[in-house]
Amino acid sequence: EKAGGQALPCIVDVRHEDSVEASVKEAVKKFGGIDILINNASAISLTGTQHTSMKKYDLMNNINARGTYLV
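My numbering runs 31 ahead of the 1-based position in the sequence shown.
Set out below in structure tokens:
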């Protein structure tokens, strides 16, 4: 704000539509819209493909792909 800008930091679980929707509504209420959005959510597993469980894969895909699309 000292530099003339404004931000609204939000803690959001990008896997859940209601969490994303609540943050968007909050930003629109405060600023009238969203000009720039930084999605810093990611999940990674350093295991090889054959050693990555489907549960772990689903978590990574839900955050990295679906979450990014939803945001």
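We put the beta carbon where it would ideally sit given N, CA and C, even for glycine.
Using a 10 Å radius around the Cβ and a threshold of 16 neighbouring Cβ atoms, would you call G63 buried or exposed?
Within the sequence shown, numbered from 1, the residue matching residue 63 stands at position 32. By the neighbour-count rule (16 or more Cβ atoms within 10 Å), G63 is not buried but exposed.
Please report the straight-line C-alpha distance between G35 and Y88, rounded to a whole angstrom.
For the purposes of this step, residue 35 is taken as residue 4 along the sequence shown, with counting starting at 1. For the purposes of this step, residue 88 is taken as residue 57 along the sequence shown, with counting starting at 1. Roughly 42 Å between the two C-alpha positions.
Applying the criterion that 16 or more other CB atoms from any shown protein chain within 10 Å of the CB defines a buried residue, is G98 buried or exposed?
As a working mapping, residue 98 is identified with position 67 in the sequence shown. Buried, because 16 or more other Cβ atoms sit within 10 Å of the Cβ of G98.
With a cut-off of 8 Å, do at least 3 Cβ pairs link the region 89 to 96 to the region 68 to 76?
With three or more CB-CB distances shorter than 8 Å, the region 89 to 96 counts as touching the region 68 to 76.
Under 7 Å Cβ to Cβ from H47, same chain only, skipping five residues before and after it: list those, please.
Numbered from 1 along the sequence shown, position 16 holds the residue referred to as residue 47. So the list is empty, once near-sequence residues are dropped.
Closest by CA to Y100, which one among C41, V45, L39 and P40?
Locating residue 100 in the sequence shown gives position 69, counting from the first residue. Among C41, V45, L39 and P40, the Cα nearest to that of Y100 belongs to V45.
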